Amino acid sequence: MQPSPEQSPHHAYPDHWEADVVLRDGGTARIRPITTDDAERLVSFYEQVSDESKYYRFFAPYPRLSAKDVHRFTHHDYVDRVGLAVTVGGEFIATVRYDRINAQGRPATAPADEAEVAFLVQDAHQGRGVASALLEHIAAVARERGIRRFAAEVLPANNKMIKVFRDAGYTQQRSFEDGAVHLTLDLEPTAESLAVQRAREQRAEARSVQRLLAPGSVAVIGAGRTPGGVGRTVLRNLLGAGFTGRTYAVNSAFAADQATIDGVPAHRSLGEIGESVDLAVVAVPAERVPEAVADCGEHGVQGLVVLSAGYAEWGAEGRERQRELVRQARSYGMRIIGPNAFGVINNSEAVRLNASLAPERPAPGRIGLFTQSGAIGIALLSGLYRRGAGLSTFISAGNRADISGNDFLQYWFEDPDTDVALLYLESLGNPRKFTRLARRTAAVKPVVVVKGARHSGSTPPGHAVPVSRIPDATVSALMRQAGVIRVDTVTEMVDAGLLLADQPLPAGGRVAILGNSESLGLLTYDACLAEGLRPRPPIDLTTAATPQDFREALAEALADGGCDAVVVTAIPWVGENGEAESGDGEVLATALHAAAASGPAKPVAVVHVEIGGLAEALAAATSTVAQQRPAPEPPALAAPAPPVGTGTGTGSAATTAGAAPEDASEDGPEAPRPVGRIPAYPAAERAVRALAEAVRYAQWRRETAVPGKVPEFLDDTIDEPAAAALIETLLGPDPDPRGRPLEHDEARELLACYGITVRPTRPAPGPEEAVAAAARLGYPVALKTTAPHLRHRADLGGVRLDLDGEAALRRAYGELTDLLGKPAELRPVVQSMAPRGVDTVVRASIDPAAGAVLSFGLAGAPSELLGDTAHRLVPATDRDAAELIRSIKAAPVLFGWRGSAPVDTAALEELLLRVSRLVDEHPEVVSLALEPVVVATQGLTVLGASVRLAPPPARTDLGPRRLSNY
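Per the numbering used here, the sequence shown starts with residue 599, numbered consecutively.
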């Protein structure tokens, strides 16, 4: 909404303050600045507020607003006087206002940094978290306008408002004065306020998803009059699944006397139903969708599944139609799955919802599945069905203009029916939020992701989201840091999901292999080595092995304390007549189930070749209920985290680590576990790859059980205020949005504020200047070119080292200029020699979508040619820094490869932490490179540094809660 010409002319309407938010009950509302055009809305809103709420607001009976009041509450300068309103359906349901005051409590202007704040929430909407959301947004507005504290006067009986302030997490002071509670809030965000904000966000967004997945009633808008078509198909699937709620068919073309269709009530509009509808499935042409959405909003529908196509996937016109669809739905407090969606499924016996185009409701299970593609969704449902896997929930979000994978991560985090989350994503609308949510969810249950459109460099049609510039390899590394299991194909996602859903997590990478085929065992052994596992020699049971032999061998392997997982390989038995006997699959499956149930909780996977009925029998489980086992004691802080001993299929969401099988408690061996599905694979490589992902995930869970930290000793050698002042000076009062690179000495000065010393260089435009520079620096020296096309290119002859005297320096200078060009082109410099070591490179950059990324690799060919670079999100902890230098393939070079002396990795880790702190605390540092960093056996030397400054990009992850606008 734009202001009228009467609005204060010297402060433009701040449209960036407008935001859609999810409230505590899962509904949406819009927060926006109040303008002069809102007078009638304000009066109407106030008339619907109870006398008690008015009394709490004004400390006296105040039945109606005067014309002067209305003028004061609708005219703001958006600096010293600001008012925000929460709207649903275009009408006010709450307001908040602040007025800047001085130390005496009188109206003031900047530089006064305190403001008086007051809220008013319509009684019908109290308890929905409206005031809490408003406080977040008005606090952000105040900080933007230079206000650092809020003051509020609250009557002691107004417990709800006092609780809003108390629970916000800000530093506050309370006193009782003149019959009122006086509150002062410091608006600087704290760790507690951020935690409160994110906890509220999780509850609200999870609730908004729950309203879509567990409705009490569903209306299919666009159910055709004749069989066939999208709407009629969804209606048939709803009925076929046995939906436990009420179902309605809605079509404006129904005859006036048509009472039912397919046995459900038929209506020409929602208004004819006469009862509330929770979920509407919209299956009408795109041009008729706005009419259907308005009908839903006016009759209190809580959410929409829009199957209709013709939106952003159709180009610019469709993209605008999609944006308008989202604006319209949110204005009524509704959230959307879609448009161009395939639908949703909830297998809970209390719901049995199949509001999708999938003809068969998959079996109930412990896997949650989200996909942005209908075609991929169909393929995944088919693959899971063939392999006997069960789902808790399924969502195909299409263009995901509103609800996305982030929302379902919020829901699955606490969903007791989901043990594993599988996501097929083609775009990441908010990568920072995704990695934050994925890391939290992965701490209690596995998150497996396939990322489509990895190399196209563009967003898939229909996905109007910011495009990240970081390479896919970096995205993969950042997902791994967050505990996400990143796989390349949907087949690998299903393979991993089956193992993780029904098998316990392995305590390590020691794998036992047994079976009746020596060749298949060897293939499995090789696959384990290729995936970094530690396989034991395969146990060949010979082709004469019976199911009983398999049972005994599996039981023995599971009981072995030196084994963390078992892969069983099986081929058909060959009869006396030489023909394969493949009909004993069910017998073998029964034997394997019995052995797995009687042994310690370790993962078991089966690789089979054409054994009829085996995969189906193994997929049969006695129960789909999460297996209940006691959570282990948390690891001692002084000792390494013990191996994970419980699986995600146990239903113990809080379990992060457990005792290894060989570390049995004094109470005796671990109790047998209930029989579950045993995943079967047609190839050894697929089974082992899934197992390896489980091993790596379990290792991540163990390592993150005790969070990393930033060492306190860094604080003594970091001067953050000095760096901030220097950056402000270097950028100037009117910085170029494109930024500017720092000169060598400027970069050295900035880095020195964070305890990073860059070895000085001296320009050498001629041989005499080179000799003079070397005399000042001291021999031996290095002579290097700094021309961009020759920088760090020793292979082209642009670097001469260990020049121990004037004669050697003059000779090198002449050779350099004769070979590569004139000094003016080469820009030679002289630098004192550093101790010998391993050349490395440390980089940091800010991606607009993903945030700040810290990278490390060996200098030269390993990182530039082979891409052997590791990445972590900033801020990095001591654990991140240690993992960063150990996760590159060339890491052995740093730790004494081939008898060389190990280098000082502790100094390298400290350097990484310093760079992380610099970039995290000063987002104006948009890129930084230290190259080369020579790491010696004692200490390190930074020989080159380049830094680029720019106005910091907007941080959407630290501001108040808001829904993305695509």
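We treat Cβ as the ideally placed atom computed from N, Cα and C, and that holds for glycine.
Because the structure is a prediction, the values reported are computed rather than measured.
Around the CB of histidine 723, 16 or more other CB atoms lie within 10 Å, so the residue is classed as buried. The three-state secondary structure of asparagine 757, taken from DSSP, is helix. CA-CA distance, glutamate 1462 to threonine 1384, rounds to 18 Å. Distance from the CA atom of alanine 716 to the CA atom of serine 1562, rounded to whole angstroms, is 27 Å. Taking a cut-off of 8 Å for Cβ pairs, the stretch 672-684 and the stretch 730-741 touch, as three or more such pairs fall below it. Contact check for valine 1205 and alanine 1281: beta-carbon distance about 7 Å, within the 8 Å limit, so the pair qualifies. A direct Cα-to-Cα measurement between lysine 1420 and proline 1386 gives close to 14 Å. With respect to valine 1517, alanine 1442 sits close: the two C-beta atoms are nearer than 9 Å.
Judged by pairs of C-beta atoms under 8 Å, the stretch 1514-1529 does not touch the stretch 1359-1369, as fewer than three such pairs exist. In this structure, DSSP gives asparagine 952 an extended state, which the three-state scheme calls strand. If you look at alanine 1380, you'll find it in the beta strand (DSSP E) that goes 1379-1383. Phenylalanine 690 sits close to leucine 640, with the two beta carbons spaced by under 9 Å. For aspartate 1314, there is no enclosing alpha helix (DSSP H), as DSSP marks it with neither H nor E.
Residue pairing by DSSP places isoleucine 935 opposite Val903 in a beta bridge. Here threonine 693 is bridged, per DSSP, to Ala683, Leu718. Taking one beta carbon from each stretch, the stretch 1034-1049 and the stretch 991-1002 have fewer than 3 pairs nearer than 8 Å; the two do not touch. Assignment of serine 874 by DSSP, reduced to helix, strand and coil, places it in the coil class.
Rounded to whole angstroms, the gap between the alpha carbons of tryptophan 1298 and glycine 1081 is 6 Å.
With contact defined as three or more Cβ pairs closer than 8 Å, the stretch 850-858 and the stretch 874-881 are not in contact.
Counting every other CB atom within 10 Å of its CB across the protein chains shown gives glycine 727 a total of 16 or more, marking it as buried. Secondary structure note for asparagine 1004: its alpha helix (DSSP H) is the uninterrupted segment 1003-1012. Following the DSSP letters along the chain, one finds tyrosine 983 inside the alpha helix (DSSP H) bounded by residues 972-984. Selection Leu905, Thr1188, Leu1097 evaluated against leucine 1020 yields Leu1097 as nearest (Cα-Cα). Collapsing the DSSP output to three states places valine 762 in a helix.
Per DSSP, the beta-bridge partners of tyrosine 846 are Ala817.
In this structure the stretch 927-936 touches the stretch 886-903; the number of beta carbon pairs closer than 8 Å is three or more. Where proline 631 is concerned, the enclosing beta strand (DSSP E) starts and stops at 626-631. The alpha-carbon separation between proline 1305 and alanine 817 amounts to approximately 47 Å.
In the structure shown, the three-state DSSP call for glycine 966 is strand. Under DSSP, glutamate 751 shares a beta bridge with His780.
Along the length of the stretch 1432-1499, whole alpha helix (DSSP H) runs at least 4 residues long occupy 1459-1462, 1476-1484, reported in chain order. In the DSSP secondary-structure assignment, asparagine 1028 is not bridged to any residue. The stretch 1306-1317 makes no contact with the stretch 1484-1501, as fewer than three CB pairs between them are under 8 Å. Aspartate 1100 is not a Cβ neighbour of arginine 1284, given a cutoff of 9 Å.
Counted as a single uninterrupted DSSP element, the beta strand (DSSP E) harbouring lysine 1049 occupies residues 1045-1049.
In the structure shown, proline 863 falls within a strand segment according to DSSP collapsed to helix, strand and coil.
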